[in-house]
Structures are given as structure tokens and as C-alpha cells.
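Here the sequence shown is numbered in this note's numbering, starting from 150 and rising by one per residue.
Virtual Cβ for every residue (Gly too), placed ideally from N, Cα, C.
Computed from a predicted model, the values in this text were never measured in an experiment.
Worksheet for the structure shown next.
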Amino acid sequence: MSSGSILQVEGVHQRFGGLLALQDVSLSVEEGEILGLIGPNGAGKTTLFNVISGYLRPTEGSVRFLGKEVTGLPPYRLAAMGMGRTFQIVRPFPKLTVLENVLIGSFLRTSSRREAEDRAWETLHLTGLAPFASRPAASLNLAGRKRLEIARALALNPRLLLLDEVVAGLNPAETDATVKLIRRVRDRGITIIVVEHVMRVIMGLSDRVVVLNYGRKIAEGKPQEVASDPAVIAAYLGESGGGSEGR
Ligand SMILES: Nc1ncnc2c1ncn2[C@@H]1O[C@H](COP(=O)(O)OP(=O)(O)O)[C@@H](O)[C@H]1O
Ligand SMILES: [Mg+2]
Numbered sequence: 150m151s152s153g154s155i156l157q158v159e160g161v162h163q164r165f166g167g168l169l170a171l172q173d174v175s176l177s178v179e180e181g182e183i184l185g186l187i188g189p190n191g192a193g194k195t196t197l198f199n200v201i202s203g204y205l206r207p208t209e210g211s212v213r214f215l216g217k218e219v220t221g222l223p224p225y226r227l228a229a230m231g232m233g234r235t236f237q238i239v240r241p242f243p244k245l246t247v248l249e250n251v252l253i254g255s256f257l258r259t260s261s262r263r264e265a266e267d268r269a270w271e272t273l274h275l276t277g278l279a280p281f282a283s284r285p286a287a288s289l290n291l292a293g294r295k296r297l298e299i300a301r302a303l304a305l306n307p308r309l310l311l312l313d314e315v316v317a318g319l320n321p322a323e324t325d326a327t328v329k330l331i332r333r334v335r336d337r338g339i340t341i342i343v344v345e346h347v348m349r350v351i352m353g354l355s356d357r358v359v360v361l362n363y364g365r366k367i368a369e370g371k372p373q374e375v376a377s378d379p380a381v382i383a384a385y386l387g388e389s390g391g392g393s394e395g396r
């Protein structure tokens with residue numbers, strides 16, 4: 150284990166009945182890097198996020214975060230330690246305002262109203278949502294709701310941020326704006342794992358890429374190395390109906 154490592158996943162298996170959704174997955178994330186996590190639909194990317202962030206206790210294997218064994222800790226404990234995540238299906242509290250939704254994230258990390266509000270406003274400015282602060286979350290379009298999802302995760306002032314398909318369904322301009330936002334977040338010293346189907350986003354953002362296929366890690370390396378890896382190309386060619394831009 151290197152000292153700059155913020156997260157270590159070791160030998161994780163996740164079984165759902167007869168399905169082995171993750172098979173012996175190990176990876177480590179270095180402080181300050183953007184790690185891209187890719188793979189065809191159903192490869193186990195979201196399941197791995199669920200294991201890392203405490204929504205699933207793995208059938209086997211372990212997760213270490215900030216040097217501590219955290220396998221099986223509940224999500225709120227991991228959030229309080231500084232792990233933020235977004236969900237692939239965004240579900241803001243529709244009747245609450247944008248600010249209130251972000252405050253919920255802030256309160257995962259502090260019980261001081263003042264601190265929570267300061268943090269929420271800072272996050273709203275960073276994500277470009279400040280002009281919409283007092284509107285109900287339900288009034289945001291998809292791009293806005295995806296941004297709110299990132300803002301909620303950022304509001305807890307994370308050390309590690311897990312982003313699950315935050316550009317899915319966005320148009321090219323909205324996608325570029327989100328890529329810029331992710332870079333700004335990284336420049337603030339936050340380590341990021343990005344799950345994304347849009348290949349140019351992964352290639353443009355990631356320092357390193359891990360590829361899953363049928364629950365197994367099939368490749369790991371620099372974006373260009375991984376993109377030309379025959380096993381990776383075969384996995385994507387074998388994918389039925391997915392893998393294209395915009396998925
Ligand atoms: N809670 C669950 N119960 C049963 N099967 C699940 C559950 N979550 C995911 N799966 C299955 O695990 C596999 C991996 O899913 P997922 O992690 O969502 O893939 P990805 O995010 O890479 O598209 C799929 O076959 C999916 O149907
Ligand atoms: Mg997924």
C-alpha cells in the first residue's frame with residue numbers, strides 16, 4: 150500500500166443470488182487523482198460504488214478509506230469521514246429548494262447551521278447553481294438536477310468524490326460544462342472516481358482508467374493504453390445496444 154493512497158479495494162466479491170456482480174475486484178486510488186471506471190452496461194460499476202460507499206456489504210473482500218478499514222460501515226458514517234457520491238438516478242427532494250437540497254449534504258459533515266450554510270453557498274457558487282438557490286428542485290431541468298446531485302455530494306466537503314454517470318443524457322455543451330466543473334473540483338484537492346459511458350469524457354478527464362467487464366477487472370492503465378487494449382475493445386464490441394455516446 151502506498152502512502153498516497155486514499156482508497157483501497159481488495160478482493161471484493163458481490164453476489165446477488167446466483168449472480169456474481171463483482172469478482173475479486175481490487176483497485177487503489179491515489180490522493181489527488183481522477184480515476185476513470187468504465188465498462189459495458191451491467192459490468193458492476195454502480196455495484197462497486199455501492200460497496201465502496203457502504204450501501205452494500207461485500208460478500209467477500211475489504212475496503213479501506215483514509216487508511217481505515219471501513220468494510221460494512223453504513224453510508225452516513227462514510228459520508229461523515231469525507232466520502233461523497235452521486236447516484237446514477239438523480240432524486241432530489243422535489244419540493245425543497247435547491248439550497249435546502251444542498252444543505253442536506255452540508256449537514257452530513259457539520260451540525261453548525263452557520264457552517265452548513267456557508268458550505269452550501271460556496272458549493273452553489275462553484276456549481277453555478279446559486280441563481281437557482283431559492284427555486285424548488287423540481288423546477289430544474291436534467292442538467293440542473295445532475296448538477297444539484299454533484300452539489301449535494303460536494304457540500305459535505307469530501308476528500309473522495311464518486312461520480313456515477315453525471316453526464317448521461319446531457320447535450321455536448323452541458324457535458325463540457327460538467328467536465329470543467331469536475332476539473333475545478335479536482336483542482337481543489339478532491340480525489341475523484343468517475344463512472345462514465347461517454348468515452349471522450351473519460352479519456353479527457355482520467356489520469357488512470359480501470360475497466361470492468363462482467364464483474365471482473367480486465368484492464369487498468371493510462372487512458373490511451375486502455376483504449377487500445379484488445380480485451381477492452383472486445384468487451385465494448387460485445388456490448389449489445391450500449392456503449393455509444395449519450396448512454
Ligand atoms: N441490488 C441488486 N440485486 C440484484 N442484482 C443486482 C443488484 N444491483 C445490481 N445488480 C446486477 O448486477 C450487475 C451489475 O450491475 P451494475 O453494477 O448496476 O452495473 P453497471 O453500473 O456497470 O451498469 C447487473 O447484472 C445488475 O443487474
Ligand atoms: Mg451503473
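Distances between the C-beta of L297 and the heavy atoms of ligand 1 are all 8 Å or more.
A Cβ-Cβ contact shorter than 9 Å links V360 with K366.
Judged by DSSP secondary structure, V219 falls outside any beta strand (DSSP E); it is assigned neither H nor E. For I155, the uninterrupted beta strand (DSSP E) run begins and ends at 154-165, by DSSP. Residue range 348-354 is occupied by the alpha helix (DSSP H) that includes V350.
DSSP places I339 outside any beta strand (DSSP E), giving it a letter other than H or E. Minimum Cα-Cα distance from F236 among the listed residues S288, L354, E345, D378 corresponds to E345. Collapsing the DSSP output to three states places T235 in coil. Look at V315 here: in three-state DSSP terms it is coil, with no helix or strand label. Counting only residues of its own chain and dropping the five nearest sequence neighbours on each side, G160 has a CB closer than 8 Å to the CB of D173, V174, S175, E209, G210, S211. Around the beta carbon of F214, a 10 Å sphere encloses 16 or more other beta carbons of the protein chains shown; the residue is thus reported as buried. In this structure, I299 and V315 form a Cβ contact; the two beta carbons are roughly 6 Å apart against a cut-off of 8 Å.
Within the model, the alpha-carbon separation for V251 versus P379 is close to 43 Å. Per the C-alpha coordinates, the member of R164, A322, R226 positioned closest to G203 is R226. Residue state for K371 is assigned as coil, using DSSP reduced to three classes.
With respect to P243, A292 sits apart: the two C-beta atoms are not nearer than 9 Å.
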